Structures are given as structure tokens and as C-alpha cells.
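Chains as they are written, first to last, in my numbering: chain Y, 3 to 283; chain A, 4 to 346.
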């Protein structure tokens, strides 16, 4: 384990642990609005009149920002991981099928992936968010549907390369079915790069999810997401800057952790995963 | 296959610039057609149709039926597709549901604003990103490289809308609170000052002042990504044999940097410029939204919240068209600057 991996991994672990534990044990309800007049927009590190301490202050409805931020972290991390994982699985399946059987499916899959790569991912996400009802499940589906192309190309290239290898011929020669050769002998070689590409995609997915939520097209209030929390602090950026700053820093730290970890893993597989710049929010 | 001598496999097809141009152009058109078909299918797959949106829910059912007939929504899918594509080819993007005017006009008003924002940001993204990346590579593992690596990684992780909000807070409220001179208090909203009565070219200085913050945010996010990429690219290049040869011949260090490294770095740089484009497009949507610039991104967002599908589709088509065009153009440039590709 390199130093970067330890730092990035530790950072992500702390964030995940906080997101899981804090909302579960916190006394403040992150969704309930009770005493707006006395509890609204309290600065960080201070207590309200009822004597409750607010580590990061409160938002305009008097809800504790720290607890909300951690609850939002649950959702953002879950959506980011789920969206990228489904995209990764789709990419492996489509790329493997296209590279192994070639022919019409290969051509069709690559044509669709070319066309989808020609539309900037954010625009594609906005288009889908406009056509379907915005919400948590829509975001996951749409992130998966717009994120599979990179992994598919990667896996397809690996599979095509492996088709020509002597050990593939050997597996055929001993009588393995083509599907078995693909799953047992060819795919394991392609899975490493696919996992790294998927990990690199998590940070991206979280950024895009927060971006959609910021625009009101992702996770819907009162359910907190880092994006819609920043949107909630947008008009208060001068009078109560902490409302937008706190979730922004949580978001940056999370994406930073994912990027660094993905980079470190890519360096391990030197040269197998191309460096690409993805759409960010 | 990998052991083939370079070009041995491709030499059957002779390179000719015109043939290449035609071939590349045809590929771009084919891709554009695919994108259009994909957007059409997406629209068809979405629940409900235009008539559901245009007709009040309490209207009698025959009103919707009549509208469907008028819009041709009762015809077969292939018929609708043919009609839609035919209109598109004539440059007709339909009529906005909300504003009742041609989508083409709406987008034509918004496009120059986005192109102004996007092209300057892209240029700055590229120049600053490559400069920072090269600096880092030449000072590899020294403190300046470490500081810049930390900075670029952090900015790369930050969402552009959050940076925009921070910039607004800092340069409007923060600067006046800190007692900074007047010129540092930058305007945060709109294209120009609505109170000024300047017209024609006199508007330009005001437009420039209003452009500083949006362009700076967009370029910072883009440049951070490019710098990360450029650093690795320059490091890879500087390890190559011809750089060692040049150094061994006694070529001065900066001479190596400019004559040898950059000449060979040109093709990857063009690729880099292409890679930066989608990021700038995505960032511009947020930046336009926050700084209240009536560009393509803002038009698209407004259309989405109003469920104004023709405008959303039109904007998507324009965005995709820009990316496809830029891709084809960068391929052509690559062929011009890199003789190895003409094999």
C-alpha cells in the first residue's frame, strides 16, 4: 500500500463511517423542522436556545447541518457507488459480448457507444432527467445508462486481444464451450482494468449526482443530498456562507478520495487503463 | 499482429488528403445521424407525449386527439422519425411549447453567448493547464510540483457550481468587506450592467468585466484536469530516447523543452484540447446558471423545468453537433501535424 492509498482510503473510510453512524446516533432530526424562528441559520460551533450544540450550524429551517450533511453523504455515496457499479457491470457485459462474438452486435454496440460519447455526459443526464421524473432511482438508472461506454470499450479491447492468445486456443481445444472460455479464461484478464475504470467513475458519478441535485433534477428535498444542500445555501452565500460551504467541502473530500484511490490503482496496472478526462459537474 | 512492421498492414490503402477528408467527413455525418436517432428514440421512450403536456388535464379527450392528429403523433413511429429528421435537415428544430416561437431562433440567440464563454475558457484551460503541467514535470517531486499537484487535484475534485458560489461571495461581498479597491469588486451576475446606457462597442469593457469570474471558474476547473494529464504526458515524453540523445548532444535544457519536447507533444496536446471540450460544455451549464448568463446551458435548464421538449432536444442536438464537429476537426489537425498518422 502506498502512502496515497492509505491517505485516500482512510479519508473515504472516515467519510463512510460518518455517513453511516452520525445520522443513526444523532439527537437532532435531519429532516424535521420544529423551531424555525429560534434555530434558523445558527453559525458553526454554537448552540441554539434549546441548548442543542450545532457543530456546523443550522440551515434556514433550523436543521442541524452536520447531521444533514452526513445523511446526504449516505445517499450521495450510495448513488455514486450504485450508479458506477451498474455502469461497470453493463460495460463488462456489453464489452465482453461485443469483443467475443463480434459481428452485428459488436457493430451496433460500438455505434451506440460512439453516439452516446458524442453527447457530453451532463447534457445526456439533463436530457434524461427532463424526460423522466427526477428522483433518486432515476439518477441511479441514468448514471448507469450514461456511464457504461468507457468500460465497455476497455473490456472489448482486452477480449479481442485475448481471443488471439494461445491459451484461448488451448481452452477451446480441450473442449470448453465458448461461453466457458469467455467467462473462465478471457474475462479474468480484463476485469482488473474494468474495476479501476469503475472506481475512477465513482468520484465522477458523485459529482454528477450532486450537480443534478443542485439543479433540482436529482435527489429531491426534503431528502438531503450534497447538491441540493449547496443549492439551499445559494441565496445565503453572503449572509450565511456555512450553509453552502460545509456540504461543498464534504463533496470535495469524497471526490478527492475517489480520484486519488483510482489514480493509485491505475498506476499499479501501469498502462492498462487509459487516462481520460471525464465530464465533471 | 503486434509484431507487424509499422505500416505494413495499412500500406495497401494509400493516403490522400482529399480521400481522407471525405472519409472523415462521412464518418462525422454518420455519427451525427446516430446521435439524432438516439435522441429521437429517447424522446419516444419517455412517458407521455407532447399532447399530454400541451392540453389541460381537464380538457375533453377529443381535444388531445385532435392535437395528436395535427402534430402527427397518431402516425407510425417511422413516419414521425422521417418527418422529424426531414425538418432537422432543413434546419427546422420545431417550435417551443412555452414561448411559441421557433427553437432555432431561441438557440441562435443563446449560442453566441455560450461560444464566447466556452471558447475563451477552453483556450485558457489549455494554455494554463499545459503550462502548469509542464512546470510540474520539469520540477518533478520538488516542493512546487507537490503544491501544484495538491492544488490541481483539489480543484479537479470541486464542482464548478460550488467554486462559482465561492467566487461570487469572495469577489462581491468579501472584497468590499475587506476594503479592496473598486476594480477588484467584480460583477457577479448577467452579461452587462443593466443600468449602463452604453451601446455597440462601448459595451465591450463592461462585458469583459462581467466575464472575468465565469471564465476564471470554468478555466480553473478545466485547467486542473488538463494539468494532471499534461504532467504525465510531458514526463513520459522526457523519458524517451530522443530527448536523451538531444541532451547528450549538449542541447540546452530549455532548448530540449521547446524544440524537441513540444514538437513531439503537439499531437497529444491536440488530443488534450479535445478531451477538455466536454468538461467545458458541462461546466458552462452550471456557470451560466449561477452567473445568470442567457446562454445555451441556461436555455436548456429553463426548458427542462418547463418541460419544453423541442427546446431541450434542439439544445442537445446543437451540443452533440459541436462535439462531433470538434472531434472531426481535431482529427484533421492531427493529420496535419503528425506525419505518422498519414500511413
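Backbone N, C-alpha and C define an ideal beta-carbon position, used for all residues, glycine too.
Since we're looking at a predicted model, the values are computed, not measured.
With respect to the 9 Å criterion, residue 105(Y) and residue 154(Y) are not classified as neighbours on the basis of their beta carbons. Proximity of residue 38(A) to chain Y, defined by a Cβ-Cβ separation below 9 Å, is satisfied.
According to DSSP, residue pairing for residue 98(A) in a beta bridge involves 105(A). Counting along the chain, residue 155(Y) sits inside the alpha helix (DSSP H) bounded by residues 151-165. In this structure, DSSP gives residue 289(A) a helical state, which the three-state scheme calls helix. Not one beta carbon of chain A lies nearer than 9 Å to the beta carbon of residue 156(Y). Secondary structure at residue 55(Y): strand, using DSSP grouped into helix, strand and coil. The bridge partners DSSP lists for residue 122(A) come to none. Under the Cβ distance rule, residue 84(A) does not count among the residues neighbouring chain Y, no pair being separated by less than 9 Å. Taking a beta-carbon distance threshold of 9 Å, residue 293(A) counts as an interface residue toward chain Y. Within the stretch 204-216 of chain Y, the residues whose Cβ lies closer than 8 Å to any Cβ of chain A are, in chain order, 205, 209, 212, 213 and 216.
At a C-beta separation below 7 Å, residue 250(Y) has these neighbours in chain A: 165. Neighbours of residue 332(A) in chain Y, taken as residues whose beta carbon is under 8 Å from its own, are absent, since the nearest beta carbon is some 14 Å off. For a Cβ distance threshold of 9 Å, nothing in chain A lies close to residue 13(Y): the least Cβ distance comes to about 11 Å. 9 Å or more divides the Cβ of residue 265(Y) from the Cβ of residue 189(Y). Note on geometry: alpha-carbon atoms of residue 138(A) and residue 234(A) lie some 8 Å from one another. Per DSSP, residue 106(Y) is one residue of the alpha helix (DSSP H) stretching across 105-120.
Here residue 66(A) is exposed: its Cβ has fewer than 16 other Cβ atoms, across all protein chains shown, within 10 Å. The C-alpha of residue 93(Y) is placed about 24 Å away from the C-alpha of residue 136(Y). In the displayed model, residue 66(Y) falls within a strand according to three-state DSSP. By the 16-neighbour rule on beta-carbons within 10 angstroms, residue 66(Y) is buried. In terms of Cβ geometry, residue 138(Y) and residue 77(Y) form a close pair [threshold 9 Å]. For residue 229(A), the uninterrupted alpha helix (DSSP H) segment begins and ends at 207-241.
The beta carbons of residue 41(A) and residue 88(Y) sit no closer together than 9 Å. Burial is judged here by how many other beta carbons sit within 10 angstroms of a residue's own beta carbon; residue 313(A) has at least 16 and is buried. Within its own chain, the residues whose Cβ lies closer than 8 Å to the Cβ of residue 200(Y), once the five positions on either side in sequence are excluded, are 86, 87, 89, 90, 93 and 153, listed in chain order.
Here the alpha carbon of residue 140(A) sits roughly 6 Å from the alpha carbon of residue 237(A). A residue is called buried when at least 16 other Cβ atoms come within 10 angstroms of its Cβ; residue 195(Y) meets this threshold and is buried. The shortest C-alpha to C-alpha distance from residue 163(Y) to any of 192(Y), 186(Y) and 173(Y) is the one to 192(Y).
Going by beta carbons, residue 97(A) and residue 303(A) fall outside the 9 Å limit. With at least 16 other beta carbons inside 10 angstroms of its own, residue 296(A) counts as buried. For residue 60(Y), the beta-bridge partners assigned by DSSP are 66(Y). The beta carbon of residue 207(Y) lies closer than 6 Å to those of 82, 85, 86 and 145 in the same chain, with the five residues before and after it left out. Straight-line spacing of the CA atoms in residue 162(A) and residue 333(A) works out to 27 Å.
Between residue 222(A) and residue 131(A), the beta carbon gap of about 6 Å places them in contact (Cβ cut-off 8 Å). Setting aside the 5 residues that flank it on each side, residue 127(Y) is surrounded in the same chain by 144, 148, 210 and 214, each with a C-beta closer than 7 Å to its C-beta; the list follows chain order.
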